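Q: Below is a structure I'd like to ask you about.
Residue numbers (the numbering used here): 140 to 248.
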């Protein structure tokens, strides 16, 4: 992986979050582009078991989103990514969680 981090033109760090009734998790990919090629690497993945107390699936998706965003900071620091040439994206497939993220906090209670 070190070779992919050297002499790069562009880096994109993408964090994907997802949830099911039993667990929620994250996976992080780094796409590195040079003049000659592009390469995508799985940097990290993590899964947490859903709480024993039943929580709706949209709320589990909402639990995963901020933790995925924290991974961006952790991984960019650990890999010493150049912030000027690296972009970051966080992805979820939950429209409900996205709506909650973009709404006022007091409306989500």
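Ideal Cβ positions, reconstructed from N, Cα and C, are used throughout, including at glycine. Predicted model, so just to flag it, every value in this text is computed and none were measured.
1. Run the CB neighbour count on residue 233, radius 10 Å, all protein chains shown included, and call it buried at 16 or more, exposed below.
2. Return no unless some Cβ of chain C is closer than 8 angstroms to the Cβ of residue 173.
3. So residue 204 packs on residue 236, CB below 8 angstroms; how close in whole Å?
4. When you compare only the Cα positions, how much space is there between residue 189 and residue 170?
5. Name the two residues that bound the continuous beta strand (DSSP E) containing residue 149.
6. Return the residue from the list 187, 173, 175 and 172 that minimises the CA-CA distance to residue 207.
7. Just the Cα atoms here: how many angstroms apart are residue 199 and residue 158?
8. Taking the DSSP output, what are the residues bridged to residue 178?
A: Well, looking at it:
1. Burial is judged here by how many other beta carbons sit within 10 angstroms of a residue's own beta carbon; residue 233 has at least 16 and is buried.
2. Annotation note: the requested chain C is absent from the structure, which comprises a single protein chain.
3. Contact holds; Cβ gap of about 6 angstroms.
4. About 30 angstroms.
5. Segment 149-158, the beta strand (DSSP E) holding residue 149.
6. Checking every option, the nearest Cα to that of residue 207 belongs to 187.
7. Each residue's alpha carbon lies about 6 angstroms from the other.
8. Per the DSSP secondary-structure output, residue 178 pairs in a beta bridge with 171.
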